[in-house]
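Working notes, structure below.
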Amino acid sequence: MSASQPTSLPRTNSLTAPLTLSFIPVGIAVNLTIGTLAHAMKLPLYLDAIGTIVSALLLGWRAGVIVGVGSFLLGGVLTNPVLPWFSGTQAAIAIYVHVVAQHGGFKSYRRVIAAGLGLGIVAGVVSAPVIAVLFGGVTGSGASVIVAFLLSSGHSLLKSVFLSGLACEPIDKLVQSLMAFWLIRGLPPRLLKSFKNRSI
Amino acid sequence: MLVEKIPPRLRATLVLLTIIAVVICKWPFWLFLVWLFVLLPTSAYAGVGRAHMTFCASFLLPIGIGLLVIWGAIVGAPPGAMPRSNPTAGTLYALTLLGRLTVFSCVVQILYLGLSPQRLITELRGLGVQREFLLVTLGALAILPEVRMRAVQVYDAGRARGLLHRKSLPRRLRLVPYVLRGLFSWTIRSAIERARLWEERAIVGPVPRSACCPTATTVGPSVTVVEGANFSGRTAFLRTLSRTNGSIYLGPEIYNYLSGLSLTVQDEMELSPASHEVSTSIIDSLAIRHLLSRNPLTLSGGEQTSVVVAAALASCPTTLSVDCSLEQLDASRKSRIIQALGHHSSLVGASLIADNRLEELPEMNALKKVTPNASVIENAFDVRPVTPVHKIDRHFHGCTVQVAALNFCYQREIPVLKDCSFTLEPGVYLLTGKNGAGKSTLSRILAGLLKPLNPCIVVNGAPRALWQEEGSIFCYHYQNPDAQLFATSVGEELALAPNEFRLSNSTELVSDMAECFGLSGILHEHPLDLPFVLRKRVALAACFTSGRPWIILDEPTLGQDNSTCRSLAETIKKLVQKQVGFLIISHSGFFVDLLPSRMLHLRDGTIEAG
């Protein structure tokens with residue numbers, strides 16, 4: 006590099022901002038701890054995307070995608086080997102939440118209910134092909150039994166997976182959206198101001 | 032360790048080969064055998080993820096197999112295969128799918144989780160992974176145990192305040208949201224604080240600080256004391272100073288100033304750019320060599336302070352501000368830190384210390400002192416001075432607590448408390464003893480957080496099982512206020528315990544205490560928005576409104592100036608007249624002298640009455 010060229014300016018990329026970098030592990034921890042807890046308590050809910058939703062709302066979709074994908078990759082090694090294959094669903098969740106929040110979908114509890122139901126459909130649609138193609142319908146979760154039941158009653162694999170997804174996902178994602186919204190509402194208002202890119 | 036000897040490229044290739052092998056493999060039985068006879072023993076030998084493997088074998092595997100059997104029974108065969116009713120084929124098919132994933136994740140665990148974080152960083156960087164990505168990964172690995180510890184702390188703090196003491200499940204569930212939200216807000220607060228620290232210590236940021244430290248001689252006296260009372264502008268002064276490039280600010284809640292990226296103290300030191308020799312001399316001067324292999328999160332407050340100061344010194348800052356972080360330390364550690372700051376003055380441009388009651392240390396008088404100009408400071412909060420409470424209308428039912436031959440030990444460890452016997456009558460007791468003598472263990476037993484080995488506690492003549500009614504006799508005020516703040520406003524926080532215990536005329540008690548602690552102007556603020564001094568006051572006030580006959584105060588004067596201490600002592604005396612008892616753990620000689628107290632000295636796990 007010649008001396009006449011300007012020295013590199015400080016990066017303004019929001020992803021490498023210290024706050025984003027220190028928040029991402031927190032988001033991953035929220036995803037994994039609550040998710041593992043729900044898994045261990047054999048709840049019919051996944052509850053493994055609350056951190057993703059919170060980060061997408063506070064820091065934007067890129068951070069949300071990193072939290073979601075990161076927590077599922079890490080979770081694959083630490084807790085449940087099935088998780089990494091659903092990273093795409095997590096990315097879709099982060100992007101959906103960001104877009105909806107930009108249009109005021111996370112302003113009040115009523116809107117959050119609508120947004121959460123929509124999120125469930127998105128998540129169901131995105132994860133159905135993965136479950137069907139990669140796992141043949143078996144993921145080791147409670148929903149696998151529903152898939153098995155639908156399969157044995159004569160539906161095609163993709164259709165069974167899709168139907169079972171639509172039965173479970175919206176309730177799960179509704180609960181998760183509400184929890185994320187409630188947690189952010191409880192944050193100290195002055196602290197909330199440190200998140201410049203928040204869409205809530 | 033064997034795993035560490037594998038070269039990075041071979042390691043990456045092995046993972047790739049596993050993926051291919053697992054995808055090709057069609058025989059679940061073989062996968063299962065590989066898992067059982069190769070991977071499981073390897074992980075046991077290498078000590079990698081042993082806990083996780085046990086968890087898998089004892090918990091996940093039976094459930095998984097159970098589900099697969101159900102699956103096989105219902106579906107009968109792989110999708111698309113004929114004939115449809117063949118449970119064995121269906122189960123085997125499902126087993127293959129799960130076996131692939133399990134084997135893959137096991138291989139990754141053995142190959143990568145066995146590495147030390149430092150090794151992991153160098154290796155992944157060698158494979159061309161970005162630095163920021165590594166930091167985030169490390170942070171995520173380190174934060175999982177941290178969140179677990181914090182969850183336990185917040186839950187215990189809620190129990191110690193008596194918020195969860197009811198036996199009935201619905202009442203307990205009603206308070207779960209408070210605990211969840213408290214934990215979340217506290218963790219986010221720490222994340223924000225940490226982001227600032229990472230920048231200050233040049234762990235992240237546009238321009239990494241060069242590894243060469245200034246070797247020039249120091250300018251003037253190396254350690255300066257910043258004087259002033261609470262809200263005189265000390266913290267504002269130091270915070271402003273730390274915004275200049277390359278300065279580090281360390282505040283009173285010391286655990287927030289650990290990087291949160293390291294699993295051992297050694298790693299924490301290596302995150303700083305100082306050379307090995309410099310780090311070694313810093314470690315020796317602060318006497319933390321014996322802590323190097325420990326997890327910084329599990330250290331005591333005093334040890335954490337030493338580690339944080341050491342890591343900050345190794346980052347070679349232009350100025351290093353230590354704001355009220357030293358008060359909970361015993362005198363010898365305090366003077367060691369101050370000496371170390373002076374000794375390593377070649378690394379630091381200037382060290383500034385602000386703290387209350389530093390004058391108790393003799394060597395303080397030799398240091399240079401500055402007082403920030405208070406007229407320019409404007410407070411963001413409507414804070415009033417702490418005033419002794421005028422009158423207390425409430426009558427408390429005084430409790431005499433007798434403890435006879437209390438024994439306690441943590442699992443599989445040497446006894447912490449041996450045959451402790453003492454009687455507590457309403458009044459002020461001072462619990463003293465060295466670090467690790469069992470002061471906090473005793474407090475936790477009295478608060479009902481721990482169960483003693485033998486039933487030995489008698490309250491007003493009747494034996495009580497305090498561990499079944501946590502926080503009902505003793506309300507325990509933690510040293511760290513952040514873990515025990517749950518509500519979204521100061522007013523709600525003060526009213527939590529009175530509502531839970533259904534105290535009559537609790538409104539007056541709450542408003543009296545808010546008045547007394549100077550909080551009446553900020554009742555609508557979020558407790559976690561306040562500066563440390565005020566958070567500590569809110570947590571104290573919340574204990575005083577709980578209406579319990581006994582209050583345990585762990586370092587109540589942290590961050591509080593002398594006039595606040597005097598008012599606090601006056602309030603305590605007033606409450607003692609109303610039959611409230613106090614058990615106080617404090618390192619501040621000034622505060623202790625203000626109270627007419629009796630001594631309970633813990634030595635080697637037994638009480639020596641003084």
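In the order they appear, the protein sequences are chains A and B. For the numbering used here, add 5 to where a residue sits in the first sequence, where the first one is 1. For the numbering used here, add 31 to where a residue sits in the second sequence, where the first one is 1. We put the beta carbon where it would ideally sit given N, CA and C, even for glycine.
- Task: State the Cα-Cα distance for the pair valine 340(B) and leucine 351(B), rounded to the nearest angstrom.
- Result: C-alpha separation (whole angstroms): 9 Å.
- Query: Just the Cα atoms here: how many angstroms apart are lysine 399(B) and valine 254(B)?
  - Reply: Straight-line Cα distance between these residues: approximately 7 Å.
- Item | Best match in Phe68(B), Val309(B) and Val178(B) for proximity to cysteine 137(B) [C-alpha to C-alpha] | The shortest CA-to-CA distance from cysteine 137(B) to any of Phe68(B), Val309(B) and Val178(B) is the one to Phe68(B).
- Straight-line gap, valine 250(B) to serine 337(B) (C-alpha atoms, nearest Å): Bear in mind that a pLDDT of 42 at valine 250(B), under 50, signals an unreliable position, so the model cannot answer this.
- Query: Would you report the Cα separation of alanine 128(A) and leucine 52(A), rounded to the nearest angstrom?
  - Reply: Looking at the two C-alpha atoms, the distance is approximately 13 Å.
- Is there at least one Cβ from chain B nearer than 9 Å to phenylalanine 2(A)'s Cβ? For chain A, the structure presents residues 6 to 205; residue 2(A) sits outside this window and is missing.
- Message: When you compare the CB positions of isoleucine 476(B) and lysine 470(B), do they come within less than 9 Å of one another, or not?
- Response: Isoleucine 476(B) places its beta carbon 9 Å or farther from that of lysine 470(B).
- Task: To the nearest angstrom, report how far apart proline 587(B) and glutamine 510(B) are at their CA atoms.
- Result: If you draw a straight line from the Cα of proline 587(B) to the Cα of glutamine 510(B), it is about 7 Å long.
- Could you tell me if threonine 44(B) is buried or exposed, where buried requires 16 or more neighbouring beta carbons within 10 angstroms of its beta carbon? Exposed.
- If you compare alpha carbons, which of Pro558(B), Asn276(B), Tyr507(B) and Val459(B) is closest to arginine 195(A)? Looking at the Cα atoms, Pro558(B) is the closest of the given residues.
- Item | DSSP-derived helix/strand/coil call for phenylalanine 613(B) | When secondary structure is reduced to three states using DSSP, phenylalanine 613(B) falls in the strand class.
- Query: What's the C-alpha gap between serine 577(B) and serine 199(B)?
  - Reply: Their backbone Cα atoms lie some 20 Å apart in a straight line.
- Task: Give the DSSP-derived three-state secondary structure of proline 627(B) in the structure shown.
- Result: Reduced to three states, the DSSP call for proline 627(B) is coil.
- Query: Can you check whether the CB of leucine 516(B) is closer than 9 Å to the CB of arginine 213(B)?
  - Reply: Before going on, a small fix: residue 213(B) reads as glycine here, not arginine. The answer is yes: Cβ separation under 9 Å.
- Query: Are the beta-carbon atoms belonging to isoleucine 189(A) and isoleucine 205(A) less than 9 Å from one another?
  - Reply: Isoleucine 189(A) places its beta carbon less than 9 Å from that of isoleucine 205(A).
- Message: For glycine 590(B) and arginine 190(B), which I take to be in contact (beta-carbon distance under 8 Å), what is that distance rounded to the nearest angstrom?
- Response: A Cβ-Cβ separation of about 25 Å leaves glycine 590(B) out of contact with arginine 190(B) under the 8 Å criterion.
- Task: Determine whether the Cβ of threonine 218(B) lies closer than 9 Å to any Cβ atom of chain C.
- Result: In the structure shown, chain C does not exist; the protein chains are A and B.
- Neighbour flag for threonine 57(A) against chain B, beta carbons, 9 Å: Not one chain B Cβ lies under 9 Å of threonine 57(A).
- Proximal chain B residues relative to serine 204(A), where beta-carbon distance stays under 8 Å: By Cβ distance, chain B contributes nothing, its closest Cβ being about 17 Å from serine 204(A), past 8 Å.
- Between which two residues does the alpha helix (DSSP H) containing tryptophan 498(B) stretch? Run containing tryptophan 498(B): none; DSSP gives neither H nor E here.
- Query: Taking the alpha carbon of alanine 564(B) as the point to measure from, which residue in Val134(B), Ala233(B), Pro304(B) and Cys355(B) has its own alpha carbon closest?
  - Reply: Note on residue identity: the sequence assigns valine, not alanine, to residue 564(B). Considering only alpha carbons, the answer is Cys355(B).
- Using alpha carbons as the reference points, say which of Ala468(B), Ala478(B), Thr431(B) and Leu473(B) lies closest to glycine 458(B). Measuring from the Cα of glycine 458(B), the nearest candidate turns out to be Thr431(B).
- Item | Helix, strand or coil at leucine 41(B) according to DSSP, with G and I counted as helix | Note: leucine 41(B) maps to helix in three-state DSSP.
- Item | Straight-line Cα distance separating glutamate 177(B) from glutamate 224(B) | For glutamate 224(B) and glutamate 177(B), the distance between alpha carbons rounds to 15 Å.
- Query: Which of the three DSSP states, helix, strand or coil, is assigned to glutamate 586(B)?
  - Reply: Glutamate 586(B): coil per DSSP, three-state reduction.
- Report the rounded CA-to-CA distance for alanine 318(B) versus glycine 333(B), giving the unit in angstroms. Counting only the Cα atoms, glycine 333(B) lies some 12 Å from alanine 318(B).
- Cβ of glutamate 163(B) within 9 Å of any chain A Cβ: True, the Cβ-Cβ gap to chain A drops below 9 Å.
- Collapsed DSSP secondary structure at phenylalanine 505(B) in the structure displayed: In the three-state reduction of the DSSP assignment, phenylalanine 505(B) falls in the strand class, which pools E and B.
- Taking the Cβ atom as the reference point for each residue, do tyrosine 286(B) and leucine 269(B) lie within a distance shorter than 9 Å? The beta carbons of tyrosine 286(B) and leucine 269(B) sit no closer together than 9 Å.
- Mind checking if glycine 121(A) is an interface residue toward chain B, Cβ cutoff 9 Å exclusive? For glycine 121(A), the answer is no, since every Cβ of chain B falls outside 9 Å of its Cβ.
- Count the C-beta pairs between the region 591-599 of chain B and the region 440-451 of chain B that are closer than 8 Å, then say yes if the count reaches three, no if not. No: fewer than three Cβ pairs fall under 8 Å.
- Using a Cβ cut-off of 9 Å (strictly closer), state whether arginine 195(A) contacts chain B. Closer than 9 Å: yes.
- Cβ atoms of leucine 158(B) and proline 39(B): under 9 Å apart, would you say? The Cβ atoms of proline 39(B) and leucine 158(B) lie closer than 9 Å to each other.
- Among Gly40(A), Leu20(A), Gly56(A) and Thr41(A), which residue has its Cα nearest to the Cα of threonine 218(B)? Closest in alpha carbon position to threonine 218(B), among Gly40(A), Leu20(A), Gly56(A) and Thr41(A), is Gly56(A).
- Item | Chain-ordered chain B contacts of leucine 24(A) [CB-CB under 8 Å] | By Cβ distance, chain B contributes Ala222, Ile223 and Ala226.
- Query: Assuming isoleucine 504(B) and arginine 579(B) make a contact with CB atoms under 8 Å, what is their CB distance in whole Å?
  - Reply: The C-beta distance from isoleucine 504(B) to arginine 579(B) rounds to 7 Å, short enough to meet the 8 Å contact threshold.
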